[in-house]
Amino acid sequence: MKQKKIPLRMCVVTRERFEKRELLRVVRTPLGDVVLDLSGKQNGKGAYLKKDAEVINKAKKNKILDKALEVSVPDSLYEELMQLVEKEGEAK
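Numbering (our numbering), first residue to last: -9 to 82.
This is the structure:
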């Protein structure tokens, strides 16, 4: 039986490739809003981040998401990402 190909995506901060489920997707919607995409299927320009607090802090400090999505990312989104990473860490 043929094995199903697992799609890999690149973290915009570390430039490492991971499976989609190991990353967080941030999307700039067609209306210009920046939102966290938990489904992985939302319409718009997307950027992936590794589920790691250090990576999120580096993205915020260096404005990496701003550059990748070509729009200003609000601090509230970074807070939401940090809360999600902390919940993941507790679940493990």
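Cβ atoms here follow ideal geometry from the backbone N, Cα and C, with glycine treated the same way.
Mind reading off the beta-carbon distance from D42 to V75? Whole number of angstroms is fine, and I expect it under 8 Å. 7 Å
Is DSSP giving L21 helix, strand or coil here? coil
According to DSSP, is D42 part of a helix, a strand, or is it coil? coil
Quick check on DSSP: helix, strand or coil for K53? coil
Close beta carbons around S62, own chain, < 7 Å, minus the five adjacent residues each side: D56
Bridge partners - V16, DSSP secondary structure assignment: L26 and A37
Can you tell me which residues form a DSSP beta bridge with M72? According to DSSP, which records beta bridges pairwise, M72 is partnered with nothing at all.
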